[in-house]
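Each remark here refers to the structure printed beneath this line.
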Amino acid sequence: MRVDLFDFDLPDDRIALRPAVPRESARLLHIMPDATPQLADHTVGELPSLLRPGDLLVFNDTRVLPAALKGERLRGDARAGVSVNLHKRENASTWRAFARPAKKIAAGDRMSFHAPGAPAPLDADVVDTPGGGEVVLRFALEGEALNARLSQVGAMPLPPYIASKRAVDTRDLDDYQTIYAREEGSVAAPTAGLHFTEKLLDDIRGRGVETAYLTLHVGAGTFLPVKADDTSDHVMHAEYGVIDDETATRINTAKAKGRRVIAVGTTALRLLESAALERGKIAPFTAETNIFITPGYEFRVIDALITNFHLPRSTLFMLVCALAGIETMQNAYRHAIRNGYRFYSYGDTSLIERAGGTA
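Structure below.
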């Protein structure tokens, strides 16, 4: 399928640099492919009224690590400034990362990362340089000790379309984390979840809507545009996810009773569809997934999706086009741009119903 089918023009001033305050004051576009009209403007605070008693919302409870690091490259007595963005954990002490300046880094180099106020630096050895600006780092710490030190020396890894326009600051420590985040391992937030507050969750549950949680550790590749001309030539990144027995049972029960399953974020959707055994049934899941969803995909679990507005030519815009149709989503994005919706990680959101889905 041609990638240019998923292109659109987005004015630069539509890119949100800060989230709405309070979170539920953000705007929400309800997209209904099978209804007339197909589009309705709301706020996130009105979401409970758009849901049905018995709906099951599935959230991604991954927690973002402060994965943007600055420090020095050490080679003998020579020192040079370096910055890295961790993007994929290999094991308890080893991460893949994008580095700058990558061409001056070689296997065997040592890096020392630090930040003002941190009690100690964080050291790592370069064990490989695969190319493409990527390095493989083995840290001197591992597991929870490594996570704790990253929290001291690292900064929140805001997407480049935000970080290129303003500096990361202490507000982002809260703004770029969902209120239910608990499983550390992501280097990007599951941004649809950023709109939820305790009050909103209480209002949703008061509506008779159920909630469940899974974990998908989001990698930096999630938000990158597709550079190939055809979707068949794109190699999808892999991300690690877990669906436990309890969540799988709750989803299977909801599907068996004809209740809707609604993913909060494309990360939750991708993991649910990866765990699907057949239409309406999933299995517990502990593995990596590189599922790439494009128009023509037959959804087996999801009835609707809550998600922010995505990059042109991105795998995530392709996913929402698979859910609701290319024409519907192009029309929805044109409506959003004309009417001042804010885009990307800190922007507004949408509730998208699956074309031909549950009535």
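Under this note's numbering, think of the first position of the sequence shown as 1047, with each following residue one higher. Don't be surprised by glycine CBs; every beta carbon is placed ideally from N, CA and C.
Residue burial classification, residue i (beta-carbon count within 10 angstroms, cutoff 16)
i	result
Asp1218	buried
Lys1134	buried
Ala1294	buried
Phe1054	exposed
Glu1244	exposed
Arg1306	buried
Glu1136	exposed
Glu1319	buried
Arg1277	According to the sequence displayed, residue 1277 carries Thr and not Arg. So Thr1277 ends up on the buried side.
Ala1114	buried
Ala1224	In the sequence as displayed, the identity of residue 1224 is Thr instead of Ala. The residue is buried, with at least 16 neighbouring Cβ atoms inside 10 Å.
Pro1236	buried
Val1281	exposed
Ala1405	Per-residue confidence for Ala1405 stands at a pLDDT of 46, beneath the threshold of 50, marking its modelled position as unreliable; the derived number appears in the next sentence. Exposed, because fewer than 16 other Cβ atoms sit within 10 Å of the Cβ of Ala1405.
Lys1301	buried
Asn1106	buried
Asp1155	buried
Gly1117	buried
Pro1112	buried
8 Å Cβ shell around residue i - same chain, five flanking residues per side excluded
i	result
Gly1179	Phe1144, Ala1145, Arg1146 and Ala1148
Asn1377	Gln1084 and Leu1085
Ile1077	Gln1084, Leu1085, Ala1370, Thr1374, Met1375, Ala1378, Ser1396, Leu1397, Ile1398 and Glu1399
Arg1385	Residue identity differs from the one stated: residue 1385 is Asn in this sequence, not Arg. Around Asn1385: Asp1087.
Asp1275	Arg1048, Val1049 and Asp1050
Pro1099	Arg1253, Gly1254 and Val1255
Arg1251	Thr1257
Ala1072	Pro1065, Ala1066, Thr1089, Val1090, His1241, Arg1388, Gly1393, Asp1394 and Thr1395
In DSSP terms, what residue i is bridged to
i	result
Tyr1259	Phe1105
Phe1286	Note on identity: in this sequence residue 1286 is Tyr, with Phe being the wrong assignment. Note: Tyr1286 sits in a beta bridge opposite Glu1334.
Asp1169	Ser1158
Ser1396	Leu1075 and Thr1353
Asp1276	Arg1048
Gly1177	Glu1180
Ala1145	Val1130
Phe1140	Rather than Phe, the amino acid found at residue 1140 in this sequence is Thr. According to DSSP, Thr1140 bridges with Arg1184.
Phe1389	Ile1061
Beta-carbon gap between residue i and residue j smaller than 8 Å
i	j	result
Ser1158	Leu1120	yes
Val1110	Ala1161	no
Ile1061	Phe1389	yes
Ile1308	Ile1352	yes
Ser1232	Glu1188	no
Leu1240	Thr1108	no
Glu1334	Glu1285	yes
Pro1065	Asp1174	no
Gly1393	Asn1354	yes
Ala1227	Pro1205	no
Ala1153	Val1128	no
Leu1063	Lys1273	no
Ile1297	Val1104	yes
Leu994	Ala1314	For the chain, the structure presents residues 1047 to 1405; residue 994 sits outside this window and is missing.
Ala1191	Leu1183	no
Pro1094	Asp1249	yes
Arg1125	Leu1168	no
Asn1193	Glu1230	yes
Leu1075	Glu1092	no
Contact set for residue i: own chain, Cβ-Cβ below 7 Å, skip 5 residues either direction
i	result
Pro1330	Ile1289, Asp1290, Asp1291 and Ala1294
Thr1332	Val1288
Tyr1207	Ile1061 and Tyr1390
Ala1322	Ile1328, Arg1346 and Val1347
Pro1079	Ala1370, Gly1371, Thr1374, Glu1399 and Ala1401
Sequence-distant residues of its chain with Cβ nearer than 6 Å to residue i (five each side left out)
i	result
Ala1368	Ile1339, Thr1340, Pro1341 and Tyr1343
Gly1267	His1283
Asp1358	First, the residue type needs correcting, since residue 1358 is Pro and not Asp in the sequence shown. Within the same chain, Pro1358 has close Cβ partners Asp1053 and Phe1054.
Leu1362	Thr1312 and His1356
Gly1177	none
Val1181	Ala1143, Ala1145, Ile1151, Val1172 and Thr1175
Thr1216	none
Val1130	Leu1115, Ala1143 and Ala1145
Pro1203	Ala1113, Ala1114, Asn1131 and Val1233
Residue i Cβ short of 7 Å to the ligand GTP heavy atom set
i	result
Glu1190	As for the ligand GTP, it is missing from this structure, which has no ligand bound.
Any chance you could list the alpha helix (DSSP H) runs of at least 4 consecutive residues sitting entirely within the stretch 1305-1381, in chain order? 1312-1320 and 1361-1370
I'd like the ranges of any beta strand (DSSP E) spanning at least 3 consecutive residues and lying wholly in the stretch 1184-1252. 1229-1232
Contiguous alpha helix (DSSP H) assignments of at least 4 residues, all confined to the stretch 1061-1138: 1093-1096
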